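Its first residue numbered 1, the sequence shown is counted upward by one per residue in full-length UniProt numbering.
Backbone N, C-alpha and C fix where the C-beta goes; we use that ideal spot for every residue, glycine too.
Fair warning: this is a prediction, and the values are worked out from it, not measured in the lab.
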Amino acid sequence: MADDMANLFRRLTAGVYVIGVAHGDLRNAFTASSVMQVSFSPLLVALCINPEHASYPILSSGRAFSINVLRADQQALAEHFGTQSGRTVDKLSSTSWRAGLTGAPLLQDALAYFDCQVISEAEAGDHRLMLGRVVDGAVLDANGQPLLYSATGNLDHSAELYAKAFCEPR
Ligand SMILES: Cc1cc2nc3c(=O)[nH]c(=O)nc-3n(C[C@H](O)[C@H](O)[C@H](O)COP(=O)(O)O)c2cc1C
Numbered sequence: 001m002a003d004d005m006a007n008l009f010r011r012l013t014a015g016v017y018v019i020g021v022a023h024g025d026l027r028n029a030f031t032a033s034s035v036m037q038v039s040f041s042p043l044l045v046a047l048c049i050n051p052e053h054a055s056y057p058i059l060s061s062g063r064a065f066s067i068n069v070l071r072a073d074q075q076a077l078a079e080h081f082g083t084q085s086g087r088t089v090d091k092l093s094s095t096s097w098r099a100g101l102t103g104a105p106l107l108q109d110a111l112a113y114f115d116c117q118v119i120s121e122a123e124a125g126d127h128r129l130m131l132g133r134v135v136d137g138a139v140l141d142a143n144g145q146p147l148l149y150s151a152t153g154n155l156d157h158s159a160e161l162y163a164k165a166f167c168e169p170r
């Protein structure tokens with residue numbers, strides 16, 4: 001059932017992004033697929049983060065994040081930032097990046113980036129929903145094709161995380 005649930009949810013079309021976070025001199029980045037546009041005016045985006053990630057306290061206190069859009073040929077970057085923690089590895093040390101307007105790291109080799117200030121945070125099940133106002137952004141590779149979450153298989157080991165059954169309707 002868990003694999004069926006994973007197959008179902010991977011039909012929700014999503015890209016793959018490296019989320020950069022910063023607070024003072026602290027910086028980190030992690031891979032995320034739970035990212036979406038929320039509003040046109042003002043320009044708002046949202047992402048979901050597991051509060052057990054090393055990135056979470058930096059994001060929650062620094063109140064800034066970048067969204068680095070990965071290209072279809074950058075699955076290795078998705079794996080680099082998404083399968084090890086900043087608690088044990090300085091993931092940014094092997095990648096070219098610069099600080100954006102908010103201080104959040106922007107990867108030089110991404111397809112595009114968004115630089116965002118957190119305007120609210122809400123509990124959302126086992127994740128936190130972070131709402132951000134977009135203060136900067138650019139397309140870096142106009143011809144690049146985005147990496148799709150469905151193409152990453154079970155790279156995030158999420159198949160075993162799904163509930164065994166749907167909730168009963170109220
Ligand atoms: C393809 C992929 C998608 C992921 N999507 C998310 C996500 O949307 N939200 C999240 O909190 N973690 C997500 N993860 C897991 C984190 O990237 C991973 O746990 C990471 O090691 C956390 O790094 P940190 O401890 O340095 O913050 C994803 C991982 C992969 C490989």
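Where residue 117 falls: helix, strand or coil (DSSP): On the sequence shown, position 117 is the one that residue 117 refers to. Strand at residue 117.
CA-to-CA distance, residue 132 to residue 101, given in whole angstroms: Stepping through the sequence shown from its first residue, residue 101 is reached at position 101. Stepping through the sequence shown from its first residue, residue 132 is reached at position 132. If I take the Cα positions, the gap works out to 14 angstroms.
Proximity of residue 59 and residue 16 at Cβ, strictly below 7 angstroms: The residue given as residue 59 occupies position 59 in the sequence shown. The residue given as residue 16 occupies position 16 in the sequence shown. No.
Exposure label - residue 30; buried when at least 16 CB within 10 Å: The residue given as residue 30 occupies position 30 in the sequence shown. With 16 or more other Cβ atoms within 10 Å, it is buried.
Cβ-Cβ separation, residue 139 to residue 114 (assumed contact under 8 angstroms), whole Å: Position 114 of the sequence shown, counted from the first residue, corresponds to residue 114. Position 139 of the sequence shown, counted from the first residue, corresponds to residue 139. Their Cβ separation, rounded to whole angstroms, is 11 angstroms, which puts residue 114 and residue 139 out of contact at 8 angstroms.
Residue 48 - partner residues in DSSP beta bridges: The count along the sequence shown starts at 1 and reaches residue 48 at position 48. Bridge partners of residue 48: 129.
Proximity winner among 72, 166 and 125, relative to residue 49 (alpha-carbon distances): Residue numbering aside, residue 49 sits at position 49 when the sequence shown is read from its first letter. Among 72, 166 and 125, the Cα nearest to that of residue 49 is on 125.
Every unbroken alpha helix (DSSP H) inside the UniProt domain "Flavin reductase like" (9-156) [4 residues or more]: 55-62 and 75-82
Cβ-heavy atom distance, residue 30 to ligand 1, below 6 angstroms: The residue labelled residue 30 in the question sits at position 30 within the sequence shown. Yes, since a heavy atom of ligand 1 falls inside the 6 angstroms radius drawn around the Cβ of residue 30.
Pairwise C-alpha distance: residue 84 and residue 99: For this step, residue 99 is matched to residue 99 along the sequence shown. For this step, residue 84 is matched to residue 84 along the sequence shown. Approximately 22 angstroms between the Cα atoms of the pair.
For residue 78 and residue 147, believed in contact at Cβ under 8 angstroms, the rounded distance: Within the sequence shown, residue 147 is the residue found at index 147, counting from 1. Within the sequence shown, residue 78 is the residue found at index 78, counting from 1. With a Cβ gap of about 6 angstroms, residue 147 and residue 78 count as contacting.
Local conformation of residue 6 per DSSP, three classes: Taking the first residue of the sequence shown as position 1, residue 6 is located at position 6. Reduced to three states, the DSSP call for residue 6 is helix.
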